[in-house]
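Undergrad:
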Amino acid sequence: NTPLILYIFVCLQSQLIGPLQPIVAMIGHDVILPCQLDPAEDATVMTVEWARPDLEPRFVHVLHDGLELDEKKYHLYMGRTSLLNNQLMYGDVSLKLATVKLSDEGKYKCFIPTLSKEISAHVILQHMLSAASSPVLTINKDTSAVVLDCESKGWHPKPELFWLDGEGNLLPAGAPETVRGPDGLYTVSSRVTVEKSHSNKLNNLGEEGPTEEERERQKLMAEKEVKKDVKHEEEQKKENERKQREELEKQLTKLESELKEVKKNEETEKKLKEDAEKMKDEYKELLRKTNLVLKNRGSELEIRLTSTQKKTMKSSEKKDGKVKAVAEALKETNAVFDEVQRKF
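For the sequence shown, the residue numbers in the working numbering are 2 to 345.
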């Protein structure tokens, strides 16, 4: 016997791998939104779409047959987006966004139509000024207190402002006032009162620039806000899925009820058909019996009719003989009468 060799070929479709955490970008700087085909696959001739669902048109970058389609892009992204062309052959379809603006903050989606796959990337923005407003010191001559005012402009996301003494201890102060300007950036101000006798070292962070610790704290705050939004979005998605599931269950219950009704009607229709067939058979049998009875009675009537006809014929023959005899007698009588008349 010849052995049968079976070759099985398994084709694995690439998946899109995106960032697991929100991406923090600095206003005015460039940022990379990662997106990778796994397993790696040459994306040079693929159609790659980067979009923001909240925009119209939604596309921020479209690559088709190796060409960028600017006519499909949202106007604020003209000349600011690109793919890493030297990495496309390795399945890297990450988006480079240049000179990040405040309006760039949002949710981005990477989509490859031929794979029917997409991934999302959340971009949050962080903006630190190299020079903040210098604190304004006001001395109240009527008391032994010193009033310190601080105002800083051009922040994003919404900053926190607090006062520290020379030893790094938090000073009690009222809630800072935060105002968002027409450019979307925040201005924050606060006031604190300290005793004149209180020895303090005042640091102007606006001149020194934010510390690395402050930058990291701002980054964590921004990520926390985005995670909160993502969590809310996921909860909303779960709630929508729950409602859809309930609606589907209702529809399924309704369909099952309708199916039972249809089945019931089918059974009723089947029974009616069976009853009709039964009545049809009974009618045929009754018709057969009726025909048989009629046939038998017809034969009897035919026999009776034949017998009656014979009797009638015999009776008629007898009557005809008598009539003939009477006619002969009458004829003879007439002849005698005529003879008598002649003689007389």
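Beta carbons are placed, not taken as given, at the ideal position from N, Cα and C, and that holds for glycine.
Please read these numbers as outputs of a predicted model, since none were measured by experiment.
How far does the beta strand (DSSP E) with GLY107 in it reach, from first residue to last?
TA: Working through the sequence shown from its first residue, we reach residue 107 at position 106. From DSSP, the beta strand (DSSP E) with GLY107 extends over 107 to 113.
Undergrad: Could you give the distance in angstroms between the alpha-carbon of PRO20 and the alpha-carbon of TRP51?
TA: One-based indexing of the sequence shown puts residue 20 at position 19. One-based indexing of the sequence shown puts residue 51 at position 50. Using only the alpha carbons, I get a separation of about 14 Å.
Undergrad: Straight-line CA distance for HIS128 to LEU171?
TA: Locating residue 128 in the sequence shown gives position 127, where the first residue counts as 1. Locating residue 171 in the sequence shown gives position 170, where the first residue counts as 1. A caution first: HIS128 carries a pLDDT of 49, below 50, which makes its placement in the model unreliable, though a value can still be read off. Approximately 24 Å, taken between the alpha carbons.
Undergrad: Exposed or buried, what is ALA132 when buried is set at 16 or more other beta-carbons lying within 10 Å of its beta-carbon?
TA: Walking along the sequence shown from the start, residue 132 turns up at place 131. Because the pLDDT at ALA132 is just 39, under 50, the model does not fix this residue reliably, and the point stays unresolved.
Undergrad: So, at 6 Å on beta carbons, what are the nonlocal neighbours of GLU208 in its own chain, with the 5 sequence-adjacent residues on each side left out?
TA: For the purposes of this step, residue 208 is taken as the residue at position 207 of the sequence shown. Reliability fails at GLU208, whose pLDDT of 38 lies under 50, so the model's placement of it is uncertain and no value is given.
Undergrad: Over what stretch of residues does the beta strand (DSSP E) that includes THR194 continue unbroken?
TA: Along the sequence shown, read from residue 1 onward, the residue named residue 194 stands at position 193. Residues 187 to 196.
Undergrad: What does the Cβ neighbour count give for LEU96, buried or exposed, with the cut at 16 atoms within 10 Å?
TA: In the sequence shown, residue 96 corresponds to position 95, counting from 1. Buried, because 16 or more other Cβ atoms sit within 10 Å of the Cβ of LEU96.
Undergrad: Decide if LEU68 is buried, meaning its Cβ has at least 16 other Cβ atoms within 10 Å, or exposed.
TA: Here residue 68 refers to the residue found at position 67 of the sequence shown. By the neighbour-count rule (16 or more Cβ atoms within 10 Å), LEU68 is not buried but exposed.
Undergrad: Helix, strand or coil for THR269, going by three-state DSSP, please let me know.
TA: Along the sequence shown, one-based indexing puts residue 269 at 268. If DSSP states are grouped into helix, strand and coil, THR269 belongs with the helices.
Undergrad: Whose C-beta lies closer than 6 Å to the C-beta of MET90 among residues of the same chain, with five residues either side of it excluded?
TA: Locating residue 90 in the sequence shown gives position 89, counting from the first residue. These residues qualify, in order along the chain: ASP43 and THR45.
Undergrad: Check LYS332 in the structure and name its three-state DSSP category.
TA: Taking the first residue of the sequence shown as 1, we reach residue 332 at position 331. Helix, per DSSP.
Undergrad: DSSP puts CYS151 in a beta bridge; with which residues?
TA: For the purposes of this step, residue 151 is taken as residue 150 along the sequence shown, with counting starting at 1. Partner(s): SER191.
Undergrad: On a Cα-Cα basis, can you pick out the residue from TYR78, ASP93, ASN86 and PRO158 that is closest to ALA99?
TA: Mapped onto the sequence shown, residue 99 falls at position 98. When each option's Cα is compared against that of ALA99, the closest is TYR78.
Undergrad: Helix, strand or coil, according to DSSP, for MET79 in the structure here?
TA: For the purposes of this step, residue 79 is taken as the residue at position 78 of the sequence shown. The answer is coil: DSSP assigns MET79 none of H, G, I, E or B.
Undergrad: Of all the options ASP105, MET47, LYS251 and GLU250, which has the alpha carbon lying nearest to the alpha carbon of ILE33?
TA: Here residue 33 corresponds to residue number 32 of the sequence shown, with the count starting at 1. Nearest C-alpha to ILE33: ASP105.
Undergrad: For a test of the three-state rule: what should DSSP assign to HIS233, helix, strand or coil?
TA: Within the sequence shown, numbered from 1, the residue matching residue 233 stands at position 232. The answer is helix: DSSP assigns HIS233 an H, G or I state.
Undergrad: For my contact list, LEU64 and VAL49 are in at a C-beta cut-off of 8 Å; report their separation, rounded to the angstrom.
TA: In the sequence shown, counting from the first residue as 1, residue 64 sits at position 63. In the sequence shown, counting from the first residue as 1, residue 49 sits at position 48. LEU64 to VAL49, Cβ: 4 Å. Contact.
Undergrad: At what residue ranges does the segment 19 to 64 contain a whole run of the beta strand (DSSP E), taking only runs of 3 or more?
TA: 24 to 27, 32 to 34, 37 to 39 and 49 to 52
Undergrad: Look at VAL189 and TRP164 and say whether their C-beta atoms are less than 8 Å apart.
TA: Position 188 of the sequence shown holds residue 189. Position 163 of the sequence shown holds residue 164. For VAL189 and TRP164, no; Cβs fall outside 8 Å.
Undergrad: Quick check on LYS332: buried or exposed, where buried means 16 or more other Cβ atoms within 10 Å of its Cβ?
TA: As a first step, residue 332 must be located in the sequence shown, where it is residue number 331. Label assigned to LYS332: exposed.
Undergrad: Thinking C-alpha only, which one of THR115, VAL195, LEU249 and GLU301 is nearest GLY167?
TA: Here residue 167 corresponds to residue number 166 of the sequence shown, with the count starting at 1. Per the Cα distances, VAL195.
Undergrad: Output needed for SER83: all residues of its chain with C-beta closer than 7 Å, excluding positions within five of it in sequence on either side, in chain order.
TA: As a first step, residue 83 is located in the sequence shown; it is residue number 82 there, counting from the start. The answer, listed in chain order, is LYS97.
Undergrad: Report the three-state DSSP secondary structure of LEU85 (helix, strand or coil).
TA: Taking the sequence shown and counting its residues from 1, the one referred to as residue 85 is at position 84. If DSSP states are grouped into helix, strand and coil, LEU85 belongs with coil.
Undergrad: Taking C-beta to C-beta, are HIS157 and LEU103 nearer than 8 Å?
TA: In the sequence shown, counting from the first residue as 1, residue 157 sits at position 156. In the sequence shown, counting from the first residue as 1, residue 103 sits at position 102. Yes, these two residues count as a Cβ contact at 8 Å.
Undergrad: Distance, Cα to Cα, GLY185 vs LYS73?
TA: For the purposes of this step, residue 185 is identified with residue 184 of the sequence shown, where counting begins at 1. For the purposes of this step, residue 73 is identified with residue 72 of the sequence shown, where counting begins at 1. Looking at the two C-alpha atoms, the distance is approximately 27 Å.
Undergrad: How many Å lie between PRO54 and SER15 at the Cα?
TA: The residue you call residue 54 lines up with position 53 of the sequence shown. The residue you call residue 15 lines up with position 14 of the sequence shown. Using only the alpha carbons, I get a separation of about 24 Å.
Undergrad: What residue does the beta strand (DSSP E) around LEU96 start on, and which one ends it?
TA: To locate residue 96, count along the sequence shown from 1; it is residue 95. Note, LEU96: beta strand (DSSP E), 96 to 98.
Undergrad: Per DSSP, ARG181 is paired with what?
TA: Stepping through the sequence shown from its first residue, residue 181 is reached at position 180. TYR187.
Undergrad: Say whether chain D places a C-beta atom closer than 8 Å to the C-beta of ASN266.
TA: Judged by its chain identifiers, the structure shown contains no chain D, having just a single protein chain.
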